[in-house]
Amino acid sequence: MLEVNDLHAFYGKSHVLHGVHLSVGAGEIVALLGRNGVGRSTTVKAVMGQVTATGSVRFQGREILGLKAHQIARRGLGWVPEDRAIFQDLTVRQNLELGLKGKRESARWGMKDVFALFPQLEQRADTPAGVLSGGEQQMLTLCRTLMGDPQLVMIDEPTEGLAPKIVEQVGAFLGEIARRGVAVLLVEQKLDIALDISRRLYVMGHGRIVFQGTPQELRGNDAVRKEWLEV
Amino acid sequence: MEFLLITLLNGVTYGLLLFMLSSGLTLIFSMMGILNFAHASFYMLGAYLAFQVGARLGFWPALLVAPLLVGALGAAVERLGVRKAHRFGHVAELLFTFGLSFLVEELVQLVWGKAAVDYRVPPSLDGAAFTLFRTSFPLYKGFMMAVSLAMLLGLYLAITRTRVGLVIRASLTRPEMVQALGHDVPRVFTLVFGSGAALAALAGVIAGNAYVTEPGMAAAMGPIVFVVVVVGGLGSLGGAFLASLLIGVLQTFMVASDFSVVDLARRLGLGVPDAPALARLSLTQLAPIMPYLLMVAVLIFRPRGLMGARET
Ligand SMILES: Nc1ncnc2c1ncn2[C@@H]1O[C@H](COP(=O)(O)OP(=O)(O)O)[C@@H](O)[C@H]1O
Ligand SMILES: [Mg+2]
Chain R
1 MLEVNDLHAF
11 YGKSHVLHGV
21 HLSVGAGEIV
31 ALLGRNGVGR
41 STTVKAVMGQ
51 VTATGSVRFQ
61 GREILGLKAH
71 QIARRGLGWV
81 PEDRAIFQDL
91 TVRQNLELGL
101 KGKRESARWG
111 MKDVFALFPQ
121 LEQRADTPAG
131 VLSGGEQQML
141 TLCRTLMGDP
151 QLVMIDEPTE
161 GLAPKIVEQV
171 GAFLGEIARR
181 GVAVLLVEQK
191 LDIALDISRR
201 LYVMGHGRIV
211 FQGTPQELRG
221 NDAVRKEWLE
231 V
Chain E
1 MEFLLITLLN
11 GVTYGLLLFM
21 LSSGLTLIFS
31 MMGILNFAHA
41 SFYMLGAYLA
51 FQVGARLGFW
61 PALLVAPLLV
71 GALGAAVERL
81 GVRKAHRFGH
91 VAELLFTFGL
101 SFLVEELVQL
111 VWGKAAVDYR
121 VPPSLDGAAF
131 TLFRTSFPLY
141 KGFMMAVSLA
151 MLLGLYLAIT
161 RTRVGLVIRA
171 SLTRPEMVQA
181 LGHDVPRVFT
191 LVFGSGAALA
201 ALAGVIAGNA
211 YVTEPGMAAA
221 MGPIVFVVVV
231 VGGLGSLGGA
241 FLASLLIGVL
251 QTFMVASDFS
261 VVDLARRLGL
271 GVPDAPALAR
281 LSLTQLAPIM
291 PYLLMVAVLI
301 FRPRGLMGAR
311 ET
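Each protein sequence line maps, in turn, to chains R and E. Just so it is clear: in the first sequence, position 150 is 150 by our numbering, and no numbers are missing. Just so it is clear: in the second sequence, position 279 is 279 by our numbering, and no numbers are missing.
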């Protein structure tokens, strides 16, 4: 569904990605792991058309590198940035409405589904999103992207700064998203949640993919974990 | 009493006019980070086009046609100019809009000459709306107020009740996220820039005949509109509204009054034995610099403006 080949990305003159290869299949949860600063966020931003990049990004068989972000979104790619990018002054409901690409809600994810899964969001539907707790904001930003009915969502460090109980809730929610047929590319630093829910994992180091495999393979590979993941 | 009331009405009319200009400027600034120096040029073009179109088709069609033409021009300027300049950074953008304002002024002089043109209030709106004792309030001022209020209501509804309005409000803070959700933010920018130009032109259409339509009108109006935006708080529509009314009313009162700061102090019971020269100037003389004094005061005491979210 998503195939990234030989992706190079740049911030001005600084060359941050040096030929990234990865793929995500339909309905799959795939994790992209690595320490801070290795280029995970840059990878998803390049896929989303937010940074200058060269190489190839194919989505559902078509090249999308070079398209504008809204065109990429309309092809069915969703992005949840690491800073969550909540519209603070707008209400929870308005935040969700902004996730819609047209006027109509999709069959897969509508306001009803969101409110059924997260009753807190329904209770606070008409309050400004800026007053929500960190966990609620994370759910809101995820749901906002799902409202646009993506085929694949790229989620950047959803568990950062959240209490362990909420992290569990996020993990369960990602599972639910995949069950409804939406593929997930999960960017993480924490190994636990990634090992639990993903089918395949990639590990990044210095702007390259340095490992790819299944959770079992990563569990069994002490060398990779020591060199590229543990702090 | 009647002086107070009539002056207040005049001030509010002028204030609403300032808002028609500053609303577009502040929206453009907060969405795109552009201080559009050419904004008042659209105001001037509105007045001239209304004069030209009005001479052929009459005032009423001109009221509609001139803003639409200028709005289309504004959209084209954004699409073909501002967006290109944007790639070269903020300085390039500033220089571009700065250059554009000179270009418009030169073109206006070429086409319509250096002197004021004879753009008049239509006969159907000439005359007094009502007379309070010996002071009358012109019908045309009432019309200006009605148009401004209609525009205010329209703008409010467009921003709070429509989907485009929601996208605009979200783009004020996180345009890249709005775009990543599938909204064509560049097109929304063009729309806002064009609408801002159209509003400025509408202000020109209704003010050009009440005041004067001449090549210097943009250069005269431009700085005041900037002051309004800064005093209100860069990027804040509510702030721009407050500041427009504040400056409009204050300036009108100062122009209409015939005493000095010293007189004012004496009336309030303050003895001012040897007042500095500045204080002996009449308020009327001080009126033109009042907006700038206010801006300096705001920048010192409340740098984010009356209602702005960020430091200017
Ligand atoms: N906006 C930016 N401008 C310049 N350099 C950046 C920017 N964002 C990230 N970088 C640099 O790019 C590298 C990769 O960053 P990032 O993709 O955010 O890493 P990760 O998400 O894996 O922590 C880092 O060295 C970081 O300093
Ligand atoms: Mg990151």
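A virtual CB, placed ideally from N, CA and C, is assigned to each residue, including glycine.
Quick one: does D184/E have its CB under 8 Å from some CB of chain R?
-> yes
Express the C-alpha separation of Q169/R and V225/E in angstroms, rounding to a whole number.
-> 51 Å
Nearest-angstrom Cα distance between P150/R and M295/E?
-> 48 Å
Can you say whether R174/E is buried or exposed, counting buried as having 16 or more other CB atoms within 10 angstroms of its CB?
-> buried
Please report how far the alpha carbon of V30/R lies from the alpha carbon of G235/E, in whole angstroms.
-> 41 Å
Run the proximity test for E41/R: is its beta-carbon closer than 7 Å to any non-hydrogen atom belonging to ligand 2?
-> The sequence shown places Ser at residue 41/R, not Glu. Yes - ligand 2 has a heavy atom lying nearer than 7 Å to the Cβ of S41/R.
Interface residues of chain E around L98/R at Cβ under 8 Å?
-> L166, V167, A170, V178, L181 and H183
Any C-beta of chain R under 8 Å from that of R304/E | no
Chain R residues whose Cβ lies nearer than 7 Å to that of R174/E = A85 and F87
In whole angstroms, what is the alpha-carbon distance linking K114/E and M217/E?
-> 11 Å
Any heavy atom of ligand 2 closer than 7 Å to the Cβ of D156/R?
-> yes
Cutoff 8 Å: P81/R Cβ touching any chain E Cβ = yes
Closer than 7 Å by C-beta to S198/R: which residues in its own chain qualify, once you throw out the five before and the five after it? Chain order, please.
-> I29, V30, A31, L186 and P215
Would you verify that the beta carbon of A73/R is, or is not, closer than 8 Å to some beta carbon of chain B?
-> This model lacks chain B altogether; the protein chains it does include are R and E.
Please report how far the alpha carbon of E176/R lies from the alpha carbon of V182/R, in whole angstroms.
-> 9 Å
Measure the C-alpha to C-alpha separation of F96/E and V82/E and round it to an integer number of angstroms.
-> 7 Å
E82/R Cβ short of 7 Å to ligand 2 heavy atom set | yes
In angstroms, rounded to a whole number, what distance separates the CA positions of F118/R and D89/R?
-> 21 Å
Positions along the segment 52-68 of chain R whose CB lies within less than 8 Å of some CB in chain E | K68
Is there at least one Cβ from chain E nearer than 8 Å to Q50/R's Cβ?
-> yes
With a threshold of 7 Å, establish whether the CB of Y11/R neighbours any heavy atom of ligand 1.
-> yes
Report the option in L8/E, T13/E and A287/E whose CA atom is closest to the CA atom of L149/E.
-> T13/E
Fully enclosed by the segment 207-236 of chain E, which alpha helix (DSSP H) runs are 4 residues long or longer?
-> 217-232
Can you tell which of E188/R, R179/R and A163/R has the C-alpha that lies nearest to the C-alpha of T43/R?
-> E188/R
Which residues in the same chain have their Cβ closer than 6 Å to the Cβ of F211/R, if we skip the five residues on either side of it in sequence?
-> V203 and V224
is_contact[A9/R, chain E] using C-beta, thresh 8 Å = no
Interface residues of chain E facing G175/R [CB-CB closer than 8 Å] | Near G175/R there are no residues of chain E at all, since even the closest Cβ is about 23 Å away, more than 8 Å.
By DSSP, does A38/E sit in helix, in strand, or in coil?
-> coil
Nearest chain E C-beta to L90/R closer than 8 Å, yes or no?
-> yes
Out of V249/E, I300/E and L264/E, state which residue places its alpha-carbon closest to the alpha-carbon of P288/E.
-> V249/E
Compute the distance between the beta-carbons of L100/R and M147/R, then report whether it is under 8 Å.
-> yes
For V80/R, the nearest candidate out of L2/R, N221/R, D156/R and D196/R (CA to CA) = D156/R
Identify, in the order they occur along the chain, each residue of the same chain with its Cβ nearer than 6 Å to the Cβ of G135/R, setting aside the five sequence neighbours on each side.
-> L162 and I166
Does any C-beta atom of chain E lie closer than 8 Å to the C-beta of K101/R?
-> yes
Any C-beta of chain E under 8 Å from that of G148/R | yes
Assess, as a yes-or-no matter, whether the segment 17-25 of chain E is touched by the segment 37-50 of chain E under the definition of 3 or more beta carbon pairs within less than 8 Å.
-> yes
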